[in-house]
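Student: Heads up: the protein sequence lines correspond to chains A and B, in order. Start counting the first sequence at 10; every next residue gets the next number (this note's numbering). Start counting the second sequence at 1257; every next residue gets the next number (this note's numbering). C-beta atoms are modelled at their ideal positions from N, C-alpha and C, and glycine is treated no differently.
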Amino acid sequence: MSSFILLLGIYFGIYALLALGQNLITGKTGLLSLCQAAFMAIGAYTTAILLSRHPHLSFVYVGVWVILSGAIFGLLIGIPTLRLKGDYLAIASLGFGEIVKNVLLNADTLTGGPMGISLPIKSFDKGLFLGMVWLVVCLVLLGLIQLQRSHWGRGLEAIREDELAAQSVGLNTPLYKGAAFMIGAAISAMAGMLWALYHGSAIPQTFDSTLSIMVLCMVVLGGLGNYYGSLFGTMVIVVISELPRLLGFSAIIPAAVNQILFGIILVSLVILRQKKS
Amino acid sequence: MLQHLLNGLTVGSIYALVALGYTLVYGILKFINFAHGDVLMIGTYVALMVFKGLKSFIEIPFAFGIAVLAGMLSSALLGVVIERLAYRPLRHAPRLAPLISAIGVSVILSNSAALIFGTKSQRFDMPFNNTPIHCGSLVVTPYQGLILITAFVMMALLHVFIKTTRTGKAMRASSENPLVAELMGVDTDRMIRFTFIWGSALGAIAGILVSLDYKVYPTLGSLIGLKAFIAAVVGGIGNISGAMLGGLLLGVLETYGVAVLGIPVGYKDTVAFVLLIIILLVRPSGLLGSNKRDKV
């Protein structure tokens, strides 16, 4: 039982990172991106590729590479969308997610194809790993809150509220949006690294677009633009989605029911929120 | 070469049919109906069920015809219901809101289908003899013929409807400027319903046509939907001829990419996304779209 709670805590932490990254991009800056799973995959595969070739690299070193590669890929998806907004971005990012998954499945020599890569590391002590995950979450949260209070954070919110107005007061909006994407992607890549380390492997099926939608659901549930809300939303969704599986009920309650529930949460929350205002 | 063109046009006309659904809705509501792919998937399932139920009682071509009609009707109905429940309350909300709602609807539909019909893919028996016909060096299967003919007939019908009827004119007016159209006495809600009916019904046809060769499965709509959306953007979203052009272009490019340029089959789907990103960079308003700049 206690190991089960530890596991839930680890998942909570990893998903919380994804939700925080999504909230920076979607909640703060107002860009609907749907490829958190792809950013996470970048982090997981960077970790897996580095560690499977050089098993004795320190985690800090790997972490730096993970953050860098996440940021680079974030910029990569950011660039075509810097001049665009809203709806196009959602599709372009979905497309980006599909491309990443396609490459993972097909570039066998680099990614191991559908089988993925297993890491040559010993499995972690769950308690220790939980501490590690939450240390990262806390650092990220602190960083994001600092960012929010800074000149930069205000700029991002200005873009969300009215991009044209932000431009007209001299804000370099492409720069801000690109930066938001890079930071959000780097945070998700860290989540991917933790995921790969914990599971000792990176397989393409994990990084499905349903994962991206689940993350969006967490952020919408917690309230767009509210980081603490994202943590709360993540907790609710993790409990809903992982509890049946971890308790062994997954045979009775099919995974589709969870997904339907996420869908209903998305639709009804958005509508309720609109009615209130 | 000509053979690839024909194959590409066949795939492309499917994309075009689905792309019309996105473009019609976008024309008026200015938002992407993310659930479009799943609406057509449900229609395809309904058609499959009706076909399976009827084929032992009446002649197969008749059963197929009824099944197609049932599929179109159910998709159209579903489209209208979704618009009423999930999109209309958000019509004046910030742009992110209906988009998120549509994603939710899409998740609900595809997973409900998995729950009701099972995740295993099911076959749609070919309702006709599919021996290829050779004309010169060209090989055409009756199936390809059916797709091409149906797609072009449906697109022509839509074109005539939009250009000549009163309702079509009102639809165009609403998409030009909903507020002014409403002031002139156009019932915008009714026009929006019409776009959903047309879009969903055309989508259902596309879904049924595709699944004759492949299979029917709950995530059927997501990849077709994504590709068709790309087609709509490439042609210029909101522009009806653009959607048709974009669909055909995408189909041909994909086929040529694999057959002529030698892109591995595993990366076939990547062609579409790369095309999308190039178009967004070079000409964000699409091939036939008008380049409107945001004004304060």
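(1) For a contact defined as C-beta to C-beta under 7 Å, what are the partners of Lys186 of chain A on chain B?
(2) Ordered along the chain, which non-local residues of its own chain (more than five positions away) have a Cβ less than 7 Å from that of Leu1506 of chain B?
(3) So what does DSSP say about Ile1389 of chain B, is it helix, strand or coil?
(4) Does Val1466 of chain B get closer than 7 Å to chain A when you measure Cβ to Cβ?
(5) Does any C-beta atom of chain B lie closer than 7 Å to the C-beta of Phe271 of chain A?
(6) Short check: CB of Ile1555 of chain B to CB of Leu203 of chain A, under 7 Å?
(7) Where does the unbroken alpha helix (DSSP H) through Leu1258 of chain B begin, and where does it stop?
(8) Using a threshold of 7 Å, state whether the C-beta atoms of Asn1367 of chain B and Ile222 of chain A are closer than that.
(9) Please tell me whether Gly104 of chain A has its Cβ less than 7 Å away from any Cβ of chain B.
(10) Taking a contact to mean a Cβ-Cβ separation below 7 Å, would you say Val1361 of chain B touches Ala1342 of chain B in this structure?
(11) Within its chain, find whatever has a CB closer than 8 Å to the CB of Val1552 of chain B; leave out the 5 residues flanking it on each side and keep chain order.
(12) Determine contact between the segment 189–201 of chain A and the segment 235–250 of chain A, defined as no fewer than three beta-carbon pairs at a distance below 8 Å.
(13) With distances taken Cα to Cα, identify the nearest neighbour of Thr1511 of chain B among B:Ala1499, B:Ser1497, B:Thr1526, B:Ala1437.
(14) Are the CB atoms of Gly1494 of chain B and Tyr1301 of chain B nearer to each other than 7 Å?
(15) Tell me, to the nearest whole angstrom, how far the beta carbon of Arg169 of chain A is from that of Thr38 of chain A; I am working on the premise that it is less than 8 Å.
(16) Return the CA-CA distance between Phe133 of chain A and Tyr54 of chain A, expressed in angstroms with no decimal places.
(17) Can you pull the chain B neighbours of Ile222 of chain A, defined as C-beta to C-beta under 7 Å?
(18) Residues of the segment 1478–1506 of chain B in Cβ contact with chain A at a cutoff of 9 Å, in chain order, please.
(19) Note down, in chain order, all residues in the segment 1275–1289 of chain B with a beta-carbon under 7 Å from any beta-carbon belonging to chain A.
(20) So for Val1442 of chain B, helix, strand or coil by DSSP?
(21) Using the Cβ count rule (16 or more neighbours within 10 Å means buried), how would you classify Leu27 of chain A?
(22) What residue range does the beta strand (DSSP E) around Val1395 of chain B cover?
(23) Nearest-angstrom Cα distance between Cys226 of chain A and Pro1520 of chain B?
(24) Is DSSP giving Ser210 of chain A helix, strand or coil here?
(25) Taking C-alpha atoms, which residue in A:Phe21, A:Gly272, A:Asn32 lies nearest to Met141 of chain A?
(26) Which residue's Cα is closest to the Cα of Leu114 of chain A: A:Glu251, A:Asp217, A:Leu156?
(27) Can you list, in chain order, the stretches of the alpha helix (DSSP H) that have 4 or more residues and sit fully within the segment 181–247 of chain A?
(28) So the candidates are B:Ile1403, B:Ile1418, B:Phe1384; which of them puts its Cα closest to the Cα of Asn1263 of chain B?
(29) Any C-beta of chain B sitting closer than 7 Å to the C-beta of Pro89 of chain A?
(30) Spatial neighbours of Ser1431 of chain B within its chain, please: CB distance less than 6 Å, with the 5 preceding and 5 following residues excluded, ordered by chain position.
(31) Under a three-way DSSP split, which group does Ser127 of chain A fall into?
(32) If I'm right that Gly187 of chain A touches Leu59 of chain A with Cβ under 8 Å, what's the distance once you round it to whole angstroms?
(33) For the segment 23–54 of chain A, which residues have a beta carbon sitting closer than 8 Å to at least one beta carbon of chain B?
(34) Go ahead and label Met199 of chain A buried or exposed: buried means 16 or more other beta carbons lie within 10 angstroms of its beta carbon, across all protein chains shown.
(35) Does Ile192 of chain A get closer than 7 Å to chain B when you measure Cβ to Cβ?
(36) Going straight from the alpha carbon of Ala174 of chain A to that of Leu1479 of chain B, what length do you get?
Tutor: Checking against the coordinates, here is how it stands:
(1) What Lys186 of chain A touches in chain B, judged by beta-carbon distance under 7 Å, is nothing: the nearest beta carbon there is about 14 Å away.
(2) Within the same chain, Leu1506 of chain B has close Cβ partners Gly1268, Tyr1271, Lys1483, Ile1486, Ala1487, Val1490, Ala1528, Leu1531.
(3) It is a strand residue.
(4) It does not; no Cβ of chain A falls within 7 Å.
(5) Residue contact check for Phe271 of chain A against chain B: a CB pair falls below 7 Å.
(6) As displayed, chain B neither begins before 1257 nor continues past 1552, which places residue 1555 of chain B out of reach and without an answer.
(7) Segment 1258–1285, the alpha helix (DSSP H) holding Leu1258 of chain B.
(8) Cβ atoms of Asn1367 of chain B and Ile222 of chain A: not closer than 7 Å.
(9) Closer than 7 Å: yes.
(10) Contact: yes.
(11) Unreliable placement is indicated for Val1552 of chain B, whose pLDDT of 48 sits below 50; no coordinate value is reported for it.
(12) Taking a cut-off of 8 Å on C-beta distances, the segment 189–201 of chain A does not touch the segment 235–250 of chain A, as fewer than three cross pairs fall below it.
(13) It is B:Thr1526.
(14) No, the pair does not count as a contact, with Cβ atoms beyond the cut-off.
(15) Rounded to the nearest angstrom, the Cβ distance from Arg169 of chain A to Thr38 of chain A is 6 Å, consistent with a contact under 8 Å.
(16) Distance from the CA atom of Phe133 of chain A to the CA atom of Tyr54 of chain A, rounded to whole angstroms, is 19 Å.
(17) Within 7 Å of the CB of Ile222 of chain A, the CB atoms of chain B belong to Ile1359, Val1363, in sequence order along the chain.
(18) Those residues of the segment 1478–1506 of chain B that come within reach of chain A (Cβ to Cβ, closer than 9 Å) are Ser1478, Leu1479, Leu1482, Phe1485, Ile1486, Val1489, Ile1493.
(19) Hits within the stretch, in order: Phe1287, Ile1288.
(20) Correct three-state label for Val1442 of chain B: coil.
(21) So Leu27 of chain A ends up on the buried side.
(22) Taken as a continuous stretch (DSSP letters only), the beta strand (DSSP E) holding Val1395 of chain B covers 1394–1396.
(23) If I take the Cα positions, the gap works out to 35 Å.
(24) It is a strand residue.
(25) Distance check between Met141 of chain A and each of A:Phe21, A:Gly272, A:Asn32 places A:Phe21 closest, using alpha-carbon atoms only.
(26) Checking every option, the nearest Cα to that of Leu114 of chain A belongs to A:Asp217.
(27) Runs found: 182–208, 218–231.
(28) For Asn1263 of chain B, the closest alpha carbon among the candidates B:Ile1403, B:Ile1418, B:Phe1384 is that of B:Ile1403.
(29) Chain B, which has a Cβ nearer than 7 Å to the Cβ of Pro89 of chain A, makes this yes.
(30) Counting only Cβ-Cβ distances below 6 Å, and skipping sequence neighbours, we find Gly1283, Ile1284.
(31) Correct three-state label for Ser127 of chain A: strand.
(32) Wrong, their Cβ atoms sit about 26 Å apart, outside the cutoff.
(33) In summary, the residues of the segment 23–54 of chain A whose CB is separated from some CB of chain B by less than 8 Å are Thr35, Gly39, Leu41, Leu43, in the order they occur in the chain.
(34) Burial call: buried.
(35) So no, Ile192 of chain A is outside the interface.
(36) Their Cα atoms are separated by approximately 37 Å.
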